[in-house]
Amino acid sequence: MGGREKSRSRYARTPTEYAVHLMIEGGHREEVRFSTIQEFQKWYSGELVPKSSSDDFISVPIKNIQGEYMVIRPSRVIAIRVEPIFSSSVDRF
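Residue 16 is where the sequence shown starts when you use our numbering, and the numbers rise one by one after that.
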């Protein structure tokens with residue numbers, strides 16, 4: 016093989032948003048959308064991690080849904096999956 020590495024595309028895809036899947040004790044699952052990975056990281060490190068062993072409720076940001084909110088007990092979150100969403104893979108209509 017010729018010592019050449021595969022070059023990466025110069026047109027790297029950028030996610031339009033991130034779907035965060037919260038797996039909650041008892042088998043419940045919730046999906047929350049964040050505009051940027053930094054927005055998720057800010058909520059995760061600023062709200063969820065500091066209270067990870069707490070049974071007190073914390074707010075989970077829900078975007079684009081007027082009048083709706085969600086609260087969870089941080090100690091009941093057993094897993095989190097972060098999925099990048101690309102505009103080409105989401106039906107926007």
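Even glycine gets a Cβ: it sits at the ideal position worked out from N, Cα and C. The structure presented is a predicted model; accordingly, all values stated were derived computationally and were not measured.
Simplified DSSP assignment, three categories, for residue i
i	result
Ser-104	Low confidence applies to Ser-104: its pLDDT is 48, below 50, so where it sits in the model is not reliable enough to give any reading.
Glu-62	helix
Ile-87	strand
Ile-95	strand
Arg-28	coil
Ile-73	strand
Test item: CB-CB of residue i and residue j under 7 Å
i	j	result
His-43	Arg-96	no
Met-85	Ile-73	no
Ile-39	Val-92	yes
Classification of residue i by the beta-carbon crowding that lies within 10 angstroms, buried from 16 upward
i	result
Phe-55	buried
Phe-101	exposed
Glu-32	buried
What residue ranges within the stretch 33-62 form continuous alpha helix (DSSP H) runs of no fewer than 4 residues, ordered along the chain? For the alpha helix (DSSP H) assignment, the uninterrupted runs of no fewer than 4 residues enclosed by the stretch 33-62 are, from N- to C-terminal side, 52-58.
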